[in-house]
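> Using our numbering, you'd call the opening residue of the sequence shown number 3 and step up by one each time.
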Amino acid sequence: MLVEVCANSVQSAINAQRGGADRIELCCDLPSGGLSPSSASILVAREKLDIELFVFIRPRIGDFCYNALEFEIMKREIEFAKDSGADGIVFGILQSNGKVDFFRTRELVELAHPLPCTFHRAFDMCPYPFDALDDLVAAGITRVLTSGGKPTALEGKKLIAQLNKVGGGHIGVIAGAGINEMNVDELVKFTNVNEIHLSGKTTIKGTFHARINGVSFGNDHWETSARSIYQVKNILDNREK
(Lines of atoms letter the chains of each structure in order from A and count residues from 1; the text may use other names and numbers.)
(Lines give C-alpha, C1' and ligand atoms only; values in the text may rest on other atoms or scores of the structure.)
Protein backbone atom coordinates (compact mmCIF):
# COMPACT_ATOMS: atom_id res chain seq x y z
CA MET A 1 0.00 0.00 0.00
CA LEU A 2 1.46 3.32 -1.10
CA VAL A 3 0.93 6.41 1.06
CA GLU A 4 1.12 9.74 -0.77
CA VAL A 5 1.21 12.89 1.36
CA CYS A 6 0.00 16.24 0.13
CA ALA A 7 2.62 18.58 1.59
CA ASN A 8 1.96 22.33 1.69
CA SER A 9 5.62 23.17 2.34
CA VAL A 10 9.10 21.71 2.33
CA GLN A 11 8.89 21.28 6.12
CA SER A 12 5.65 19.32 5.71
CA ALA A 13 7.34 17.15 3.09
CA ILE A 14 10.24 16.42 5.44
CA ASN A 15 7.82 15.61 8.27
CA ALA A 16 5.91 13.25 5.98
CA GLN A 17 9.09 11.44 4.98
CA ARG A 18 9.99 11.00 8.65
CA GLY A 19 6.55 9.51 9.23
CA GLY A 20 7.08 6.88 6.54
CA ALA A 21 5.38 8.41 3.50
CA ASP A 22 6.19 6.77 0.18
CA ARG A 23 5.59 9.82 -2.02
CA ILE A 24 5.17 13.58 -1.65
CA GLU A 25 2.79 15.74 -3.65
CA LEU A 26 4.24 19.21 -3.15
CA CYS A 27 1.96 22.23 -3.39
CA CYS A 28 1.07 25.41 -1.51
CA ASP A 29 -2.15 27.08 -0.30
CA LEU A 30 -4.09 23.92 0.49
CA PRO A 31 -7.06 25.84 1.97
CA SER A 32 -7.78 26.92 -1.63
CA GLY A 33 -7.41 23.38 -2.92
CA GLY A 34 -3.69 23.68 -3.63
CA LEU A 35 -1.58 25.81 -5.95
CA SER A 36 1.76 25.32 -7.68
CA PRO A 37 4.69 25.48 -5.23
CA SER A 38 7.48 28.01 -5.70
CA SER A 39 10.53 27.12 -7.72
CA ALA A 40 12.69 27.36 -4.60
CA SER A 41 10.38 24.96 -2.74
CA ILE A 42 10.72 22.40 -5.52
CA LEU A 43 14.50 22.67 -5.55
CA VAL A 44 14.92 22.47 -1.77
CA ALA A 45 12.40 19.63 -1.47
CA ARG A 46 14.33 17.66 -4.09
CA GLU A 47 17.53 18.21 -2.09
CA LYS A 48 15.98 17.12 1.22
CA LEU A 49 13.84 14.16 0.14
CA ASP A 50 14.87 10.60 -0.58
CA ILE A 51 11.35 9.52 -1.58
CA GLU A 52 9.36 10.29 -4.72
CA LEU A 53 8.47 13.94 -5.31
CA PHE A 54 5.44 14.79 -7.43
CA VAL A 55 4.85 18.47 -8.17
CA PHE A 56 1.34 19.94 -8.15
CA ILE A 57 0.56 22.27 -11.06
CA ARG A 58 -2.27 24.78 -10.66
CA PRO A 59 -1.75 28.42 -11.68
CA ARG A 60 -4.63 29.97 -9.71
CA ILE A 61 -7.54 29.29 -7.37
CA GLY A 62 -11.05 28.79 -8.69
CA ASP A 63 -12.20 26.46 -11.42
CA PHE A 64 -10.06 24.25 -13.64
CA CYS A 65 -10.87 25.93 -16.97
CA TYR A 66 -7.73 27.77 -18.01
CA ASN A 67 -7.16 30.42 -20.64
CA ALA A 68 -4.20 30.45 -23.03
CA LEU A 69 -1.95 32.44 -20.70
CA GLU A 70 -2.69 30.18 -17.72
CA PHE A 71 -2.07 27.11 -19.85
CA GLU A 72 1.30 28.53 -20.91
CA ILE A 73 2.19 29.03 -17.25
CA MET A 74 1.27 25.40 -16.53
CA LYS A 75 3.55 24.24 -19.31
CA ARG A 76 6.45 26.33 -18.03
CA GLU A 77 5.91 25.01 -14.50
CA ILE A 78 5.93 21.42 -15.74
CA GLU A 79 9.17 22.03 -17.62
CA PHE A 80 10.77 23.54 -14.50
CA ALA A 81 9.63 20.67 -12.26
CA LYS A 82 10.90 18.14 -14.77
CA ASP A 83 14.28 19.86 -15.05
CA SER A 84 14.50 20.10 -11.25
CA GLY A 85 14.34 16.35 -10.68
CA ALA A 86 10.67 15.79 -9.95
CA ASP A 87 9.48 12.18 -10.20
CA GLY A 88 5.98 13.02 -11.39
CA ILE A 89 3.51 15.78 -12.24
CA VAL A 90 0.02 16.42 -10.86
CA PHE A 91 -2.54 18.57 -12.67
CA GLY A 92 -6.16 18.75 -13.78
CA ILE A 93 -7.78 20.67 -16.62
CA LEU A 94 -11.46 20.70 -17.60
CA GLN A 95 -13.79 22.12 -20.20
CA SER A 96 -16.56 24.48 -19.07
CA ASN A 97 -19.10 21.62 -19.26
CA GLY A 98 -17.13 19.57 -16.74
CA LYS A 99 -15.62 17.14 -19.22
CA VAL A 100 -11.90 16.47 -19.27
CA ASP A 101 -10.05 18.88 -21.55
CA PHE A 102 -8.69 15.95 -23.51
CA PHE A 103 -6.37 17.62 -26.00
CA ARG A 104 -4.67 19.92 -23.52
CA THR A 105 -4.41 17.09 -20.99
CA ARG A 106 -2.66 14.98 -23.61
CA GLU A 107 -0.37 17.90 -24.47
CA LEU A 108 0.70 18.25 -20.83
CA VAL A 109 1.25 14.49 -20.53
CA GLU A 110 3.50 14.57 -23.60
CA LEU A 111 5.38 17.57 -22.21
CA ALA A 112 5.97 15.81 -18.90
CA HIS A 113 7.15 12.56 -20.53
CA PRO A 114 8.77 10.36 -19.32
CA LEU A 115 7.44 11.43 -15.93
CA PRO A 116 4.09 9.90 -14.90
CA CYS A 117 1.12 12.25 -14.55
CA THR A 118 -1.66 12.24 -11.95
CA PHE A 119 -4.96 13.95 -12.70
CA HIS A 120 -6.00 15.60 -9.43
CA ARG A 121 -9.43 16.09 -7.85
CA ALA A 122 -10.66 18.25 -10.71
CA PHE A 123 -11.87 14.77 -11.66
CA ASP A 124 -14.49 15.02 -8.91
CA MET A 125 -16.08 17.94 -10.79
CA CYS A 126 -16.78 15.75 -13.84
CA PRO A 127 -20.51 14.88 -14.19
CA TYR A 128 -19.77 11.55 -15.93
CA PRO A 129 -16.84 10.00 -14.03
CA PHE A 130 -16.56 6.80 -16.06
CA ASP A 131 -16.41 8.72 -19.34
CA ALA A 132 -13.83 11.00 -17.72
CA LEU A 133 -11.80 7.96 -16.67
CA ASP A 134 -11.80 6.69 -20.27
CA ASP A 135 -10.60 10.10 -21.49
CA LEU A 136 -7.76 10.11 -18.96
CA VAL A 137 -6.62 6.65 -20.01
CA ALA A 138 -6.64 7.73 -23.66
CA ALA A 139 -4.72 10.91 -22.81
CA GLY A 140 -1.96 8.91 -21.12
CA ILE A 141 -2.66 9.81 -17.49
CA THR A 142 -1.08 7.30 -15.09
CA ARG A 143 -3.21 7.91 -11.99
CA VAL A 144 -6.32 9.78 -10.91
CA LEU A 145 -6.86 11.22 -7.43
CA THR A 146 -10.48 11.13 -6.34
CA SER A 147 -12.79 11.34 -3.36
CA GLY A 148 -15.49 9.60 -5.37
CA GLY A 149 -17.26 12.86 -6.17
CA LYS A 150 -17.95 13.56 -2.48
CA PRO A 151 -16.38 15.91 0.09
CA THR A 152 -14.45 13.01 1.62
CA ALA A 153 -13.19 9.70 0.31
CA LEU A 154 -15.13 7.80 2.96
CA GLU A 155 -18.37 9.35 1.71
CA GLY A 156 -17.41 8.56 -1.88
CA LYS A 157 -16.07 5.06 -1.23
CA LYS A 158 -18.66 3.33 -3.42
CA LEU A 159 -17.67 5.24 -6.56
CA ILE A 160 -13.97 4.93 -5.71
CA ALA A 161 -14.37 1.15 -5.53
CA GLN A 162 -16.16 1.12 -8.90
CA LEU A 163 -13.55 3.33 -10.53
CA ASN A 164 -10.75 1.19 -9.15
CA LYS A 165 -12.39 -1.93 -10.57
CA VAL A 166 -13.06 -0.37 -13.97
CA GLY A 167 -9.60 1.20 -14.14
CA GLY A 168 -7.99 -2.20 -13.69
CA GLY A 169 -4.51 -2.21 -15.13
CA HIS A 170 -5.19 0.83 -17.33
CA ILE A 171 -5.00 3.62 -14.73
CA GLY A 172 -4.28 3.81 -11.02
CA VAL A 173 -6.91 5.18 -8.65
CA ILE A 174 -5.73 7.09 -5.56
CA ALA A 175 -8.29 7.63 -2.80
CA GLY A 176 -7.97 11.03 -1.15
CA ALA A 177 -9.76 13.65 1.01
CA GLY A 178 -10.37 13.37 4.73
CA ILE A 179 -8.33 10.21 5.24
CA ASN A 180 -6.80 9.64 8.68
CA GLU A 181 -5.90 6.87 11.12
CA MET A 182 -9.54 6.54 12.19
CA ASN A 183 -10.97 5.65 8.77
CA VAL A 184 -8.12 4.43 6.56
CA ASP A 185 -8.66 0.73 7.29
CA GLU A 186 -12.38 0.88 6.47
CA LEU A 187 -11.73 2.85 3.28
CA VAL A 188 -9.03 0.55 1.94
CA LYS A 189 -10.99 -2.57 2.83
CA PHE A 190 -14.06 -1.29 0.94
CA THR A 191 -12.38 0.22 -2.12
CA ASN A 192 -9.42 -2.15 -2.54
CA VAL A 193 -7.24 0.75 -3.72
CA ASN A 194 -3.47 0.38 -3.70
CA GLU A 195 -2.70 4.05 -3.03
CA ILE A 196 -4.07 6.64 -0.60
CA HIS A 197 -3.55 10.39 -0.34
CA LEU A 198 -3.69 12.53 2.80
CA SER A 199 -2.18 15.65 4.37
CA GLY A 200 -1.94 14.58 8.02
CA LYS A 201 -2.07 18.22 9.05
CA THR A 202 -1.60 19.72 12.48
CA THR A 203 -1.74 23.36 13.61
CA ILE A 204 1.53 25.08 14.46
CA LYS A 205 1.11 27.98 16.88
CA GLY A 206 2.85 31.19 15.86
CA THR A 207 5.39 32.91 18.10
CA PHE A 208 4.65 36.52 17.13
CA HIS A 209 2.81 38.33 19.93
CA ALA A 210 3.13 42.03 19.10
CA ARG A 211 0.05 43.85 17.84
CA ILE A 212 0.67 46.94 15.70
CA ASN A 213 -2.33 49.22 15.13
CA GLY A 214 -4.67 46.24 15.16
CA VAL A 215 -3.13 44.81 11.97
CA SER A 216 -3.01 41.01 11.75
CA PHE A 217 -2.25 38.55 9.00
CA GLY A 218 -2.82 35.52 11.18
CA ASN A 219 -0.37 33.92 13.58
CA ASP A 220 -0.77 30.17 13.16
CA HIS A 221 -0.11 27.83 10.27
CA TRP A 222 -0.26 24.12 9.70
CA GLU A 223 2.16 21.42 8.76
CA THR A 224 2.00 17.71 8.04
CA SER A 225 2.44 15.73 11.24
CA ALA A 226 5.02 12.94 11.09
CA ARG A 227 3.10 11.17 13.84
CA SER A 228 -0.16 11.20 11.84
CA ILE A 229 1.56 9.74 8.79
CA TYR A 230 3.29 7.11 10.92
CA GLN A 231 -0.03 6.06 12.47
CA VAL A 232 -1.70 5.64 9.07
CA LYS A 233 1.30 3.83 7.62
CA ASN A 234 1.45 1.50 10.63
CA ILE A 235 -2.23 0.58 10.28
CA LEU A 236 -1.76 -0.22 6.59
CA ASP A 237 1.42 -2.20 7.16
CA ASN A 238 -0.25 -4.30 9.86
CA ARG A 239 -3.28 -5.13 7.72
CA GLU A 240 -1.01 -6.46 4.99
CA LYS A 241 0.73 -8.95 7.29
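Just so you know, even glycine gets a beta-carbon here, dropped at the ideal spot from N, CA and C. Predicted model, so just to flag it, every value in this text is computed and none were measured.
1. In the segment 125-154, which residue ranges form an unbroken beta strand (DSSP E) of at least 3 residues, counting only runs that do not cross its ends?
2. Quick check on T193: does DSSP put it in helix, strand or coil?
3. Whole angstroms is fine: what's the gap from F192's alpha carbon to L238's?
4. How big is the Cα-Cα spacing for L110 and I80?
5. Check whether the Cβ atoms of V92 and F125 lie closer than 8 Å to each other.
6. On a Cα-Cα basis, can you pick out the residue from A83, D52, K77, G94 that is closest to I63?
7. Per DSSP, what kind of secondary structure is L117 in: helix, strand or coil?
8. Keeping to the same chain, check which residues put their C-beta closer than 8 Å to that of D85; ignore five residues upstream and five downstream.
9. Going by DSSP, which residues form a beta bridge with L28?
10. Which class does I176 belong to by DSSP, given the choice of helix, strand or coil?
11. Would you please state the rounded distance, in angstroms, between the beta carbons of G36 and R60? I believe it to be under 8 Å.
12. Around the Cβ of N10, are there at least 16 other Cβ atoms within 10 angstroms (buried) or fewer (exposed)?
13. Within its chain, find whatever has a CB closer than 6 Å to the CB of C128; leave out the 5 residues flanking it on each side and keep chain order.
14. Quick one: what does DSSP say I206 is sitting in, helix, strand or coil?
15. Give the secondary structure of L45 by DSSP, where H, G and I count as helix, E and B as strand, and everything else as coil.
16. Grab me the residues of D1's own chain with a C-beta within less than 8 Å of its C-beta, minus the 5 sequence neighbours each way, in chain order.
17. By how many angstroms is the C-alpha of A42 removed from the C-alpha of A88?
18. Taking just the CA atoms, how far does G169 sit from P131?
19. Is E27 near F66, with beta carbons less than 8 Å apart?
Taking the geometry as given:
1. Taking only runs of at least 3 residues, the beta strand (DSSP E) segments lying wholly in the segment 125-154 are 145-148.
2. Translated into positions along the sequence shown, residue 193 becomes position 191. T193 falls in the helix class under three-state DSSP.
3. By 1-based counting over the sequence shown, the position of residue 192 is 190. By 1-based counting over the sequence shown, the position of residue 238 is 236. Going from the Cα of F192 to the Cα of L238 covers about 14 Å.
4. Position 108 of the sequence shown holds residue 110. Position 78 of the sequence shown holds residue 80. The alpha-carbon atoms of L110 and I80 are separated by roughly 8 Å.
5. Looking up residue 92 in the sequence shown gives position 90. Looking up residue 125 in the sequence shown gives position 123. Their beta carbons are not under 8 Å apart, which means V92 does not touch F125 by this criterion.
6. Indexing the sequence shown from 1 puts residue 63 at position 61. The shortest Cα separation from I63 among A83, D52, K77, G94 belongs to G94.
7. If you number the sequence shown from 1, residue 117 lands on position 115. Looking at L117 - three-state DSSP - the assignment turns out to be coil, as it is neither helix nor strand.
8. Within the sequence shown, numbered from 1, the residue matching residue 85 stands at position 83. Contacts found: none.
9. Mapped onto the sequence shown, residue 28 falls at position 26. A9, V57, per the DSSP bridge assignment.
10. Within the sequence shown, numbered from 1, the residue matching residue 176 stands at position 174. Secondary structure of I176 (DSSP, three-state): strand.
11. To locate residue 36, count along the sequence shown from 1; it is residue 34. To locate residue 60, count along the sequence shown from 1; it is residue 58. The Cβ separation is near 6 Å, so the contact holds.
12. Taking the sequence shown and counting its residues from 1, the one referred to as residue 10 is at position 8. When all chains shown are included, N10 counts as buried.
13. On the sequence shown, residue 128 is found 126 positions in, with the first residue counted as 1. Cβ within range, chain order: G100, A134.
14. Position 204 of the sequence shown holds residue 206. Correct three-state label for I206: strand.
15. Here residue 45 corresponds to residue number 43 of the sequence shown, with the count starting at 1. In this structure, L45 counts as helix in the three-state DSSP scheme.
16. In the structure as shown, the chain starts at 3 and stops at 243, and residue 1 therefore has no counterpart that could be examined.
17. Working through the sequence shown from its first residue, we reach residue 88 at position 86. Working through the sequence shown from its first residue, we reach residue 42 at position 40. So the alpha carbons of these two residues sit roughly 13 Å apart.
18. Stepping through the sequence shown from its first residue, residue 131 is reached at position 129. Stepping through the sequence shown from its first residue, residue 169 is reached at position 167. If you take the alpha carbons of P131 and G169, they lie about 11 Å apart.
19. As a working note, residue 27 is residue 25 in the sequence shown. As a working note, residue 66 is residue 64 in the sequence shown. Not in contact: E27 and F66 (Cβ atoms no closer than 8 Å).
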